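These protein sequence lines map, in sequence, to chains V and L. Heads up: take any position in the first sequence, counting from 1, add 21, and you land on the numbering used here. Heads up: the second sequence at position 239 corresponds to 237 in the numbering used here, and the numbers run straight through without jumps. Inspection log for the structure reproduced underneath, given as structure tokens.
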Amino acid sequence: MDLNFTVNGETWALDVAPADVLLDVLREKAAVKSPKIGCERGDCGSCTIIMDGRTVRSCLVLAVEADGHEITTVEGLSFDGLSRLQGLFLSNNSFQCGFCAPGIVLAATELLERKPNPSRHDVQEALAGNLCRCTGYEPIIEAVLAAGAGGDQ
Amino acid sequence: MTATYPFEAESPTGDLATVGTPAVRVDGVEKISGAAQFVDDIDFGPGLLYAAIVESPHAYARIVSIDTAEAEQASGVVRIATGKDFPYKFGMYMEDRYIFAQDYVRFVGEQVAGVIARSHREAVRAAKLIKVEYDLLTPLLDPRSAVAEGADLIHPDLAAYTHVPWFFPEADTNIAHWRRIRKGDTEQAFADADLVLEDTYEVPRYAHCAIEPHVTVSRLDPAGRLTVWTASQSPHTQRHLFAQALAPLGFTHKDVRVITPYVGGGFGGKAGVSMEILGAAMATLVKGRPVKLRWTREQEFYNTYQRQGVVAELKVGVMNDGTITAVEHKLYWDAGAYVEYGANVVNAAGLSATGPYRVPNITNDSLCVYTNLPPGGPYRGFGYSEFHFGLESHMDRIAEAIGMDPVKFRKKNAIVEGDELAYGAHMNPSGLHEAIDKTAAAIGWGIEERSDNPNTVIGKGIALFWKAPAMPPNASSASFLKFNEDGSVNIAVSGMELGQGYLTVMAQIASEVLSVPVDKIRVETPDTDRNPYEWQTVASHVTWSSGLAVEKAALEARSKIFDVIHQVYGFEDDSLYLEDEAVRCKTDPSFSKPLRDFVIDGIQTDDGTWRGGPIVASGKFMPEFTNANSDPATGQGGHPNVHYTVGATGVVLEIDKATGRIWVRKAALAVDAGRAINPDLVKGQITGGLVQGLATVLFEDMRFDEGGRMMNPTFTDYKIPTAFDIPDEIIPIIVEVPQPDGPFGARGVGEHTMIAAAPVIANAVYHALGVRITSMPITQEKVAMSYLATTMSEGNQEE
Ligand code: FES
Ligand code: FES
């Protein structure tokens, strides 16, 4: 089946099987590796991508469902240098192993777009679907709060 | 005690420039930009094959037959492997495991066969077509029944197994190792004690839950070299075990190469060798083709090392003035079907099961018991988290029984430098008392707090911890260092960046010695062909051990640099020092020679010839004061541990009396890092480890049915913390009493931060509700039911 979509601004025309999962297609055929395979059943959030402005777990989406849509991954966010939020993640030592980071960076980016000045509870809610086993979340939450308080996303 | 370092600060003032600063992690940008590459992210081209494993559905059975005929015909199948292809044993500390099961399967999930196919989907489909006939046996799922008289023997050949000299298996039993400590006269001390308290504590199994599953890609190239890309904490140990296990196929260490890119969380789960050996072995059947094997999340739960369960029988004697006189600690470990790694967890716990206290009379028995559950193994805390639950719960109960404040009681008995340890060696310098005081202050210990909500109560708890690295006595580290044309530096080490910040800390250590800024130092993840030896990244030992190896390499490079300057300019070496990437001279302040001017090309002399050349150096560290030669009957005589890291944890929590719901309002943790090379990274360990530990006590719980099958192998059913499940406030406290032989005084802290999390909750729950819970986890239901039971029995008494 034909799949035409945009990944980080680049258009792709791919041939996929009906049962192919978007996460696998992105990683194997569309040259992005930042969405990670963590559970393949929607529990961990490490496969998070942004599709048409909303975060989605790409392990729960069939590749064909992405036809005609626009996808952003963390590679796309980083083309022109780090975003302000990414800079704060860096200075806050927000990540350790970094496996969860692509998903969390996107989830937090989407939150700040929706709600430029989120509360601690908002941040926790936005990240509740993204598991991180290393950091205890606190340094992640603090960085997102700092990004919000500064405005200027 | 004044610490003596092999190294003194470069600058004339003696101040350190980089060590002790919160340098931004060197792998940070890669990780937040999506550039960081994990094993699964590497492209292997169209030749990549995929493996799937046929696992035993039974906890204990004899394999009658394996029929692969149908699977062999299935689409995409390239090759099938069974135990017949690889009748080889392997094991880290004890060779009790086969690559694929031979005649018996001993846990649900044990690998019986493997399929290699052109796609993942085809491999999985074909694996389902393999028919295995089993003759079922009755599984032993509980360590106490497995040690009972007449119990079936899970490993009848135990006595013949190869193992390290510090294990003591009991032939014709299910006890794979029995660590005994006998010190003083425990019986007499109990008889003389003013109070003896005895109870049993139970701790179930736990899962590491790194978010990256285990994954490995192996390729035997046409020239006969086996390369394995793997998500591992232990590249060199993996190479060693692959080479050993596959030696019958003609492999030597030189023929095996292990490459470990970034690892997406380890926590012990990616130490040693587990599923990786399946991929390595299967690749030898399809020469020239890379084979990928990736665990599913379910396999991640039931078919990697698990944290062993333990039943702890604890008896402590105390005098009315609060002096602890005797400890008897009997630990029955549910070590699972294979203990090749897990038996050393049992050993480590047995050596240190008194906790961080001065105890004159000790009887420790730590029994590694085979059961028909998945193999136990290393998990952050390595046995200490498990026994601290009972021990630190018990300490609170004793303090109460003799009418003493728990903090005062702990301080009275807390171990100090020079105190004799259970096995006769002496305690290293430590800031335990400072850690206790600071933790107590941080949670307002002794200040009663009342909730405004009539349905909730507030409780506070405190618990201490200690842990020594558990490793072979000669576990070592090495490093290579080279300068580049612009004065930047590359360091090759084989410790693993698991997220703890190892690469950054190594860069900081070299930076301090060489006066080269951290951002001009590149430290990469290991490749056993190129990077020098490291035992493993476990035991919280790499900051210390690998840090010393890097410090030595940097010192060697420095002396080579001074040598060149001496040859050309005649300055004595001891008049030279490094500052801001240049060589300076104490006797000639006008002299300054930038490193970039000569660290590759050397320096031209007056006659036009050159001196020097590329600056390269190496360093190694092996502890030369340890030995494992203790008396098996008493545990006395050896020096098995290099040093202990200590600390304290405190919490303030609020509990809903009716529902048992617990909110951790505040958690403080003080750890003695010796010297925090990077305080931000130490704080990261405190926050992350504490949250991981709190989850083990508040909600995580592995459940098995009567058949030995794990019932909750998903994140839906085995819940780990989300961003909501963390304390309202975490207060990290760094104590720094230097480790005399550490790099700049540093010692490890990675595992320690989760060790006291469970007992501190148990103690705070008791403080809040007067309910003592002696089995983990301390779930909402358990709290509510126990509290209800006490209020009902109080009610009855009133009638
Ligand atoms: S991999 Fe998609 S949610 Fe875990
Ligand atoms: S940093 Fe390791 S899972 Fe989040």
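Even for Gly, the Cβ is constructed at its ideal location relative to N, Cα and C. None of the values given here were measured: they were computed from a predicted structure.
- Item | With 16 other Cβ atoms within 10 Å as the buried cut-off, status of Val62 (chain L) | That one is exposed.
- Task: Could you tell me the distance, in whole angstroms, from the CA atom of Ile70 (chain V) to the CA atom of Ser79 (chain V)?
- Result: The alpha-carbon separation between Ile70 (chain V) and Ser79 (chain V) amounts to approximately 6 Å.
- If we call anything under 9 Å between Cβ atoms a contact, is Thr526 (chain L) one with Ser477 (chain L)? No, the Cβ-Cβ distance between Thr526 (chain L) and Ser477 (chain L) is not below 9 Å.
- Touch test, the segment 225 to 241 of chain L against the segment 206 to 217 of chain L, Cβ-Cβ under 8 Å, three pairs minimum: Judged by Cβ distances under 8 Å, the segment 225 to 241 of chain L makes contact with the segment 206 to 217 of chain L, as three or more pairs qualify.
- Query: For ligand 2, which residues count as neighbours when the test is a C-beta closer than 6 Å to any heavy atom?
  - Reply: In chain order, the residues positioned with their C-beta nearer than 6 Å to some heavy atom of ligand 2 are V:Phe116, V:Gln117, V:Cys118, V:Gly119, V:Phe120, V:Cys121, V:Cys153, V:Arg154, V:Cys155, V:Thr156, L:Ile209, L:Gly263, L:Gly497.
- Query: Does the beta carbon of Gln174 (chain V) sit closer than 9 Å to a beta carbon anywhere in chain L?
  - Reply: Residue confidence is low: Gln174 (chain V) scores 38 on pLDDT, short of 50, so the model does not pin down where it sits. Its coordinate-derived value is still stated next. Judged by the 9 Å Cβ criterion, Gln174 (chain V) is not in contact with chain L.
- Query: Checking contacts by CB at 9 Å: is Leu166 (chain V) closer than that to chain L?
  - Reply: Answer no: the Cβ-Cβ gap between Leu166 (chain V) and chain L never drops below 9 Å.
- Could you tell me if Ala279 (chain L) is buried or exposed, where buried requires 16 or more neighbouring beta carbons within 10 angstroms of its beta carbon? Buried: at least 16 other Cβ atoms inside 10 Å.
- Task: With distances taken Cα to Cα, identify the nearest neighbour of Gly375 (chain L) among L:Gly340, L:Pro358, L:Lys465.
- Result: When only C-alpha atoms are compared, the closest one is L:Gly340.
- Beta carbon of Arg292 (chain L): closer than 8 Å to some heavy atom of ligand 1? Not under cutoff, so the answer is no.
- Under a CB-based cut-off of 9 Å, is Phe10 (chain V) close to chain L? The question about residue 10 (chain V) has no answer, for chain V in this structure spans 22 to 174.
- Message: What I want to know is whether the C-beta of Gly768 (chain L) ends up closer than 8 Å to one or more non-hydrogen atoms of ligand 1.
- Response: Every heavy atom of ligand 1 is 8 Å or more from the Cβ of Gly768 (chain L), so no.
- Message: Please state whether the Cβ-Cβ distance between Val521 (chain L) and Ile489 (chain L) is less than 9 Å.
- Response: Yes, the Cβ-Cβ distance between Val521 (chain L) and Ile489 (chain L) is below 9 Å.
- In the structure shown, what three-state DSSP assignment does Arg556 (chain L) receive? When secondary structure is reduced to three states using DSSP, Arg556 (chain L) falls in the helix class.
- Between which two residues does the beta strand (DSSP E) containing Lys181 (chain L) stretch? 173 to 181 is the span of the beta strand (DSSP E), which, as asked, contains Lys181 (chain L).
- DSSP-derived helix/strand/coil call for Lys252 (chain L): Lys252 (chain L): helix per DSSP, three-state reduction.
- Task: Using 10 angstroms around the beta-carbon of Val414 (chain L), count the other beta-carbons present and answer buried if the total reaches 16, otherwise exposed.
- Result: By the 10 Å Cβ count, Val414 (chain L) comes out exposed.
- Task: Using a threshold of 9 Å, state whether the C-beta atoms of Ile467 (chain L) and His637 (chain L) are closer than that.
- Result: At residue 467 (chain L) the sequence reads Pro, which differs from the Ile that was named. Result no, Cβ atoms of Pro467 (chain L) and His637 (chain L) do not sit closer than 9 Å.
- Message: With DSSP as the reference, identify every bridge partner of Asp670 (chain L), one or two as the case may be.
- Response: Under the DSSP definition of a beta bridge, Asp670 (chain L) partners with L:Val733.
- Item | Nearest candidate by alpha-carbon position, reference Ala646 (chain L), set L:Tyr567, L:Pro757, L:Ala21 | When C-alpha distances from Ala646 (chain L) are compared across L:Tyr567, L:Pro757, L:Ala21, the shortest belongs to L:Pro757.
- Would you please verify whether the beta carbon of Glu131 (chain V) is less than 9 Å from any beta carbon of chain L? Output row for Glu131 (chain V): interface = no.
- Query: Is the shortest distance between the beta-carbon of Gly682 (chain L) and the beta-carbons of chain V less than 9 Å?
  - Reply: At a cut-off of 9 Å between beta-carbon atoms, Gly682 (chain L) makes contact with chain V.
- Since Val511 (chain L) is in the alpha helix (DSSP H), which residue starts that stretch and which ends it? Segment 500 to 512, the alpha helix (DSSP H) holding Val511 (chain L).
- Check Asp703 (chain L) in the structure and name its three-state DSSP category. Looking at Asp703 (chain L) - three-state DSSP - the assignment turns out to be coil, as it is neither helix nor strand.
- Identity of the residues DSSP links to Gly374 (chain L) by a beta bridge: Answer is L:Gln304.
- Message: So Ala671 (chain L) and Arg745 (chain L) are supposed to be a Cβ contact under 8 Å. How far apart are they, rounded?
- Response: In this structure Ala671 (chain L) is in contact with Arg745 (chain L), their Cβ atoms being roughly 7 Å apart against a cut-off of 8 Å.
- Query: Got a sec: is the Cβ-Cβ distance from Thr94 (chain V) to anything in chain L below 9 Å?
  - Reply: Chain L contact via Cβ: present.
- Item | Ile660 (chain L) (DSSP reduced to helix, strand or coil) | Strand.
- Compile a chain-ordered list of the residues in the segment 705 to 732 of chain L whose CB is closer than 8 Å to at least one CB of chain V. Answer set for the segment 705 to 732 of chain L: Thr712, Phe713, Thr714, Ile718, Pro719, Thr720, Ala721, Phe722, Ile724, Ile728.
- Query: Cα-Cα, which of V:Phe110, V:Cys60, V:Arg141, V:Val53 is closest to Ile30 (chain L)?
  - Reply: From the listed residues V:Phe110, V:Cys60, V:Arg141, V:Val53, the smallest Cα separation to Ile30 (chain L) is found for V:Phe110.
- Minimum length 4: unbroken alpha helix (DSSP H) runs contained in the segment 711 to 786 of chain L: DSSP runs (the alpha helix (DSSP H)) wholly in the segment 711 to 786 of chain L: 755 to 767.
- Message: Is it the case that the segment 157 to 165 of chain L contacts the segment 730 to 743 of chain L, given that we only count it when at least three CB pairs across the two stretches are under 8 Å?
- Response: The segment 157 to 165 of chain L and the segment 730 to 743 of chain L do not touch, with fewer than three beta-carbon pairs separated by less than 8 Å.
- Message: Is there a C-beta anywhere in chain L that falls below 9 Å from the one on Leu148 (chain V)?
- Response: Chain L places a beta carbon closer than 9 Å to that of Leu148 (chain V), counting this residue as a contact.
- Task: Check the Cβ-Cβ distances between Arg104 (chain L) and every residue of chain A, and say whether any is below 9 Å.
- Result: No chain A is present in this structure, whose protein chains are V and L.
- Message: Can you tell me whether Cys60 (chain V) sits near ligand 1, meaning its C-beta is under 8 Å from at least one heavy atom of the ligand?
- Response: Yes, Cβ of Cys60 (chain V) sits closer than 8 Å to a heavy atom of ligand 1.
- Task: May I have the straight-line CA-CA distance separating Lys436 (chain L) from Ala668 (chain L), to the nearest angstrom?
- Result: For Lys436 (chain L) and Ala668 (chain L), the gap between their C-alpha atoms comes out near 7 Å.
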